[in-house]
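A quick write-up on the structure given underneath.
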Amino acid sequence: MPDFSDYIGDYLRSKGLITQDQLNEALEEQKRSGRKIGEILIKKGYISEDNFTMALSEQLGIPFVDVANYRIDPEVIKLFTLELVQQYQAIPINKVVDALTVAMIDPLNIPMVDEIKKTCGLTIRPVFATPGGIKKAIDKYYGEVQPSEVSGEMTLKKEADLETLVKEATEAPVISLVNSLFTEAVDSGASDIHLEPEEKKLYVRVRIDGVLHDIKPIPKDLEPKVISRVKILANMDIAEKRLPQDGRSKINILGREIDLRVSTFPTIHGENMSIRLLDKSQALFKLEDLGFQKDALNVFKEQVKKPYGIILVTGPTGSGKTTTLYAVLNLINDLKKNIITLEDPIEYVIPRVRQSQVNVKAGLTFATGLRAMLRHDPDIIMIGEIRDRETAEIAIHAALTGHLVFSTLHTNDAPSAAGRLIDMGIEPFLISSSLNGILAQRLLRQLCPKCKKAYKPQEAEINTLGFKSSSKDITLYKEVGCSKCRETGYKGRTGIFEFLVLDEDLKDLILKKASSHQIKDYAIKKGMDTLRNAALENLSKGLTSPSEVLRVTQEV
């Protein structure tokens, strides 16, 4: 039974099809068994198969057809063989020109729809049907099929296929191949591994210093074995290839403990797999190690030690926001303060800090978790991300009632954060009353010290970068590439920051809903260093290249 939405339970309850107690009971069983919520509700008799499927149909906007009582043209039936109908649990019900309507248990299974399209050469329009309805339609139009002939054979085939997958995934050459892949990635300092299936190869890319690099692809015949091996490591369902999955595990590579966060997504050529590598052996960073300019660091330290208010850290995904928040907690953590966090995911464990992880399927969102945290007498709260109005409102209420709150927000620069909160529906007076400061950041690749090359820039390049000095006064460095840096020209990254402190004039600008440009102009006049200026300081010291400065700061 498909279960396409994490929120179908709430939808069924809101429609009066199940009670809250029934939903809670099903969610508890789901946590224990891992089975789908719809399957549990139907098995317990809380909702019929028809009502559940019709509710999914209504919620997703995909039509539902009672195929058991639907009159299907015999010529349409001939488009699918019995074997195809049984394999996909799908039956053709109508054809108009080159478009074929197909009743399916799982109409959002895109790979399956694509396979059906390839088989019959028509445009497919999938609609919902129940498993019982499909079975009755098969009996009606293809002749009654005994369970021993179909379900028994299919079950045996699935069990045999599963056994084969497990056997192949645990063969020594496959284990060795996957281990070597992890070793190479960890040794090169990669943060992510991407396994990307194409028609003839399984391509592999690793993200090093924020940039993806191709490494040697894997032959196509080894693809299912490699994917299954990683799934086994991450405690995932190796037989499920049609729906996205998430899993996690811990491994030891090169004497270091590495957390794996694994995610799969079905594509037309197979399962795409993304593997996040978190090195648990690394010590927590100190703020001084992140790349702050001295003046900005001193001001930032003053603000994070205040007793209440909100400090926001902004920037795109992968800009180091979480690392900065961990460094802050590491700085202010002591036994006199009760610190609680809600994260997605928990990347590092901090002693004596109460850390919790978001679990949307179980109902633990940032908003619900934040409400619960406030009942535990915290002094300091860290919320992994403010994603919606509800979370923002609770965080602001906490700040206004004497708590120090840290969180992240996705904006390009610090001055845009207030506007982002207003767009969420937060009143400007609440923002100006609760915000202490906004830190924007990026990660800037550093030049490889072994192969970087000095040169004298042209005046046009100096103007493009925004230097105030003449080209005669400046020596810059560019990337070259050597064996030490994997021919990239770069080795490691450092942070660049701009920190906006809210004074009374800035609060007035927010109350007036001033644009981010107006806020930025005022902040610069008051001495705020921009992200571009922070990058130029690294450039003038010979730590990075002009191309890297423009790449990282072109949006700001």
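Here our numbering is used: the first residue of the sequence shown is 667, the next is one more, and so on.
C-beta: ideal position from N, C-alpha, C; glycine also.
Model, not experiment: these values are computed from the prediction.
My understanding is that residue i touches residue j, with C-beta atoms under 8 Å, so please give their C-beta distance in whole angstroms.
i, j, result
"E1013", "T988", "6 Å"
"I743", "P758", "7 Å"
"L995", "M1048", "6 Å"
"A1083", "I1062", "No, A1083 and I1062 are not in contact; Cβ-Cβ is about 13 Å, not under 8 Å."
"I884", "V872", "Going by Cβ atoms, the distance from I884 to V872 rounds to 13 Å, so no, they are not a contact pair."
"Y869", "D880", "7 Å"
"F898", "A835", "It should be pointed out that residue 898 corresponds to Ile in this sequence rather than to Phe. Indeed, because the Cβ distance is near 6 Å, the residues count as touching under 8 Å."
"F794", "S680", "Not quite, the Cβ-Cβ distance comes to about 19 Å (not below 8 Å), so this is no contact."
"K1225", "S1098", "Nothing can be reported for residue 1225, as the shown portion of the chain is limited to 667 through 1222."
"D780", "I934", "6 Å"
"A1033", "E1056", "4 Å"
"L1131", "V1215", "6 Å"
"V970", "I1016", "Not quite, the Cβ-Cβ distance comes to about 15 Å (not below 8 Å), so this is no contact."
"S915", "I904", "14 Å between Cβ atoms; not a contact."
Tell me, please, which residues DSSP counts as bridged to residue i.
i, result
"A856", "I874"
"K620", "No information on residue 620 is available, as it lies outside the stretch 667 to 1222 that the chain covers here."
"V1231", "Not covered by the structure: residue 1231. The range shown for the chain is 667 to 1222."
"H879", "V872"
"E937", "P932"
"F1072", "I977, M1048"
"D944", "With the sequence shown as reference, residue 944 is identified as Leu, and Asp is not the correct amino acid for it. Looking at the DSSP assignment, L944 forms a beta bridge with D925."
"Q911", "T930"
"I759", "DSSP output for I759 lists no bridge partner at all."
"A692", "In DSSP, A692 forms no bridge with anything."
"N918", "E923"
"F848", "Beta-bridge pairing links F848 to no other residue."
"F730", "F794"
"P863", "L868"
"I1230", "Residue 1230 cannot be examined here, being either before or after the span of the chain that is shown, 667 to 1222."
Need the endpoints of the beta strand (DSSP E) that residue i sits in, please.
i, result
"Q1023", "1020-1023"
"L1209", "From DSSP, L1209 is part of no beta strand (DSSP E); its letter is neither H nor E."
"Q1112", "1101-1113"
"T1130", "That residue, T1130, is in no beta strand (DSSP E); its alpha helix (DSSP H) goes 1125-1131."
"A1120", "1119-1121"
"L1142", "1142-1144"
Ends of the alpha helix (DSSP H) at residue i?
i, result
"T747", "Taken as a continuous stretch (DSSP letters only), T747 belongs to no alpha helix (DSSP H), as it is neither H nor E."
"Q969", "960-970"
"R895", "889-899"
"I1185", "1182-1191"
"V779", "776-786"
"L683", "Looking at the DSSP string, L683 is not in any alpha helix (DSSP H), and its letter there is neither H nor E."
"G1085", "1083-1089"
"L726", "715-726"
Using a Cβ-based criterion (distance less than 8 Å to any ligand heavy atom), does residue i qualify as near the ligand GTP?
i, result
"D780", "Absence of the ligand GTP is noted for the structure shown, with no ligands found whatsoever."
Does the contact criterion of 3 or more C-beta pairs under 8 Å hold for the stretch 828-844 versus the stretch 909-921? no
Validate contact between the stretch 967-987 and the stretch 1019-1031 using beta carbons, cut 8 Å, 3 pairs: no
Of all the alpha helix (DSSP H) runs that stay within the bounds of the stretch 1153-1180, which reach a length of 4 or more residues? 1170-1177
Meets three-Cβ-pair contact criterion under 8 Å: the stretch 759-773 and the stretch 701-710: no
Are the stretch 1189-1209 and the stretch 1112-1120 touching, with three or more C-beta to C-beta distances below 8 Å? yes
On the three-pair Cβ rule with 8 Å, is the stretch 708-718 touching the stretch 781-798? yes
With three or more beta-carbon pairs closer than 8 Å as the criterion, would you say the stretch 1113-1128 touches the stretch 1083-1091? no
Under 8 Å: do the stretch 1160-1167 and the stretch 954-964 share three or more Cβ pairs, one atom per stretch? yes
Going along the chain, which unbroken runs of the beta strand (DSSP E) with 3 or more residues stay wholly within the stretch 996-1065? 1005-1009, 1020-1023, 1046-1049
The stretch 1140-1157 in contact with the stretch 1074-1085 per 3-pair CB rule at 8 Å: no
Would you check if there are 3 or more beta carbon pairs closer than 8 Å linking the stretch 940-950 to the stretch 851-858? yes
Report yes or no: do three or more beta-carbon pairs, one from the stretch 1147-1157 and one from the stretch 1051-1059, lie closer than 8 Å? no
Hey, is the stretch 773-785 in contact with the stretch 893-913, meaning 3+ C-beta pairs nearer than 8 Å? yes
If you pair each beta-carbon of the stretch 1033-1042 with each one of the stretch 1056-1073, do three or more pairs fall below 8 Å? yes
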